[in-house]
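Residue numbers (UniProt numbering), protein chains in the order written: chain A, 1 to 278; chain B, 1 to 278.
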């Protein structure tokens, strides 16, 4: 691991690291916020997964999350959104390839050689964080848009792993929307049966009774992608059917931008803290 | 005026506007945050002046100031740092020309045709804000680095205009440091007597007894520019000689980045609110 940047921030440290990923078969960068050490207890971790076109720095610089994470004593880990580097396959559009890994394991060429963000986030990155930083085993996960999809599938596919999950304007039903259909066709192939393992609505409807964890979703009603790509009410309906403890909040006037995230990130951190710090 | 962007943010509105500036003889862009209207009173304004290489969006996206401005009911106005456009003179370096207007009125060619940021900020922009938005006449000013220099000279040259002034890592004595000497030579010419009207230390030492206003400066002690370009202790010494109410806080471990600004912007907003909201 190589430290690329380090900044004092709210009495803690904002750092950026580079490491070689065996899973992704490339060099990756992630950002981490380490809160000030105020107790002897190792702090829990909140993973943040970003949306299309982002890297590890969008949330880091724009969300203003460090203030509350410092107060609560929560480590923030911000991974990148796809494998990176000249050897990694890419596409000419913003919603496929680099910056658009969709947090899944690709099975189709040319993507399968590198696009395994799910395994990276499930196994390699948490092991690296545990080995290199003083953190507890308790963790939660959150994200925005494509990263909201990522946070939800990580939680739904790994019962018991996360104490809670939240999302801003997530893609909840990629099987049924243009962003998901395009990415899944490329990464997973034409057989739609294979897509079901990466769809939050499907996964929630198939979840076991003991799997449910507290879930918070915020959605702006002035979000340009709401009707075509997001439709969080579909996940709320699945949650209702399964008695899954999901709160969907519709925020009046807010759009898809980081101004929306910045406005409500404090609520999300305090929501996760209830379970992380138990 | 043309509205370029508008985002709901902390129950207020973050907007970006374009307008033709008569003073600067070019088209300019500024950002503004309008807090939620909670009382019948028109809110006061805090002007924020950014540093070298910045435009109106750096503070807007990275400082996290809107949260506290929304709570306190303060309008934030973020101007650009220089005139802009193809017709405007520029230099190949980051610290001269576009993005580096130094908040003065240039007298030398090729700069004098457009580089009049002082007049723009003193007259044209406040008149525009007063005409187009519901604001009170009370205002304060703050800034970072070159923008800290700008905030200080705006306050020192216009007694009675601002209720308070603050700065993060300001250039306080441009006459004596490389950034200031390079810019002032280009914009104002070789005659150093002409430079004195744009130097905070000189202006403070020449200020009248009744001119002093509450002043807050934060400076990180891990700032890479501290020794060569900033040296805020020089202004603190001038303040001591003049019994000017200046508080200089040295913040341990902090650097010159927006992580430093984000960490302490709440203190600055609450400092200004004491006087703005009287």
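From the three backbone atoms N, C-alpha and C, an ideal C-beta is built for every residue, glycine too.
How would you label residue i, buried or exposed, when you count the other beta carbons within 10 angstroms and need 16 or more for buried?
{"i": "residue 93/B", "result": "exposed"}
{"i": "residue 227/B", "result": "exposed"}
{"i": "residue 38/B", "result": "exposed"}
{"i": "residue 160/A", "result": "exposed"}
{"i": "residue 257/A", "result": "buried"}
{"i": "residue 43/A", "result": "buried"}
{"i": "residue 180/B", "result": "buried"}
{"i": "residue 219/B", "result": "buried"}
{"i": "residue 73/A", "result": "buried"}
{"i": "residue 191/A", "result": "exposed"}
{"i": "residue 18/B", "result": "exposed"}
{"i": "residue 14/A", "result": "buried"}
{"i": "residue 274/A", "result": "exposed"}
{"i": "residue 1/B", "result": "exposed"}
{"i": "residue 121/A", "result": "buried"}
{"i": "residue 247/A", "result": "exposed"}
{"i": "residue 183/B", "result": "buried"}
{"i": "residue 279/A", "result": "Residue coverage of chain A in this structure runs from 1 to 278, which leaves residue 279/A outside it and unanswerable."}
{"i": "residue 62/B", "result": "buried"}
{"i": "residue 243/A", "result": "exposed"}
{"i": "residue 178/A", "result": "exposed"}
{"i": "residue 66/B", "result": "buried"}
{"i": "residue 134/B", "result": "exposed"}
{"i": "residue 270/A", "result": "exposed"}
So, helix, strand or coil for residue i, using DSSP?
{"i": "residue 279/A", "result": "The requested residue 279/A is not part of the displayed model; chain A covers only 1 to 278."}
{"i": "residue 61/B", "result": "helix"}
{"i": "residue 40/B", "result": "coil"}
{"i": "residue 74/B", "result": "coil"}
{"i": "residue 244/A", "result": "coil"}
{"i": "residue 153/B", "result": "helix"}
{"i": "residue 6/B", "result": "strand"}
{"i": "residue 272/A", "result": "helix"}
{"i": "residue 23/A", "result": "coil"}
{"i": "residue 140/B", "result": "strand"}
{"i": "residue 252/B", "result": "coil"}
{"i": "residue 90/B", "result": "coil"}
{"i": "residue 226/B", "result": "helix"}
{"i": "residue 32/A", "result": "strand"}
{"i": "residue 96/B", "result": "coil"}
{"i": "residue 148/B", "result": "helix"}
{"i": "residue 205/A", "result": "helix"}
{"i": "residue 122/A", "result": "helix"}
{"i": "residue 16/A", "result": "strand"}
{"i": "residue 68/B", "result": "helix"}
{"i": "residue 56/B", "result": "coil"}
{"i": "residue 282/A", "result": "The question about residue 282/A has no answer here: the residues shown for chain A are numbered 1 through 278."}
{"i": "residue 267/A", "result": "helix"}
{"i": "residue 258/A", "result": "helix"}
{"i": "residue 277/A", "result": "coil"}
{"i": "residue 234/B", "result": "helix"}
**Asked** Using Cβ-Cβ distances below 9 angstroms, what residues of the region 10–43 of chain B are close to chain A?
**Response** For the region 10–43 of chain B, which is checked against every Cβ of chain A, the residues closer than 9 angstroms are 10, 11, 13, 14.
**Request:** Could you name the residues of the region 123–145 of chain A whose beta carbon sits closer than 8 angstroms to any beta carbon of chain B, in the order they occur along the chain?
**Result:** Against chain B - using a Cβ distance shorter than 8 angstroms - the region 123–145 of chain A contributes no residues.
**Request:** May I ask you to list, following chain order, the residues of the region 247–263 of chain A that have a beta carbon less than 9 angstroms from some beta carbon of chain B?
**Result:** Correct list: 251, 252, 253, 254, 255, 257, 258, 259, 260, 262, 263.
**Message:** Taking beta-carbon pairs under 8 angstroms, can you tell me which members of the region 55–81 of chain A lie near chain B?
**Reply:** Within the region 55–81 of chain A, the residues whose Cβ lies closer than 8 angstroms to some Cβ of chain B are 61, 62, 64, 66, 67, listed in chain order.
**Request:** Examine the Cβ distances between the region 51–66 of chain B and the region 93–107 of chain B and report whether three or more of them are shorter than 8 angstroms.
**Result:** Touching, per the Cβ criterion.
**Prompt:** If you scan the region 158–202 of chain A from start to end, which runs of the alpha helix (DSSP H) of 4 or more residues do you find wholly inside it?
**Reply:** List check, alpha helix (DSSP H) in window: 178–188.
**Cβ contact (3+ pairs, closer than 8 angstroms) linking the region 23–38 of chain B and the region 138–146 of chain B** = With a cut-off of 8 angstroms, the region 138–146 of chain B and the region 23–38 of chain B do not count as touching, because too few Cβ pairs lie within range.
**Prompt:** Does the region 110–126 of chain A come close enough to the region 71–90 of chain A to have 3 or more Cβ pairs within less than 8 angstroms?
**Reply:** Touching, yes, given that three or more Cβ pairs across the two stretches are closer than 8 angstroms.
**Message:** Please list, in chain order, the residues of the region 202–232 of chain B that have any C-beta partner in chain A closer than 9 angstroms.
**Reply:** Answer set for the region 202–232 of chain B: 220, 222.
**Request:** Examine the Cβ distances between the region 203–215 of chain A and the region 251–267 of chain A and report whether three or more of them are shorter than 8 angstroms.
**Result:** Remark: fewer than three beta-carbon pairs, one from each stretch, lie closer than 8 angstroms, so the region 203–215 of chain A and the region 251–267 of chain A are not flagged as touching.
**Request:** Specify whether the region 150–165 of chain B and the region 191–205 of chain B touch according to this definition: at least 3 beta carbon pairs, one from each stretch, less than 8 angstroms apart.
**Result:** With a cut-off of 8 angstroms, the region 191–205 of chain B and the region 150–165 of chain B count as touching, because enough Cβ pairs lie within range.
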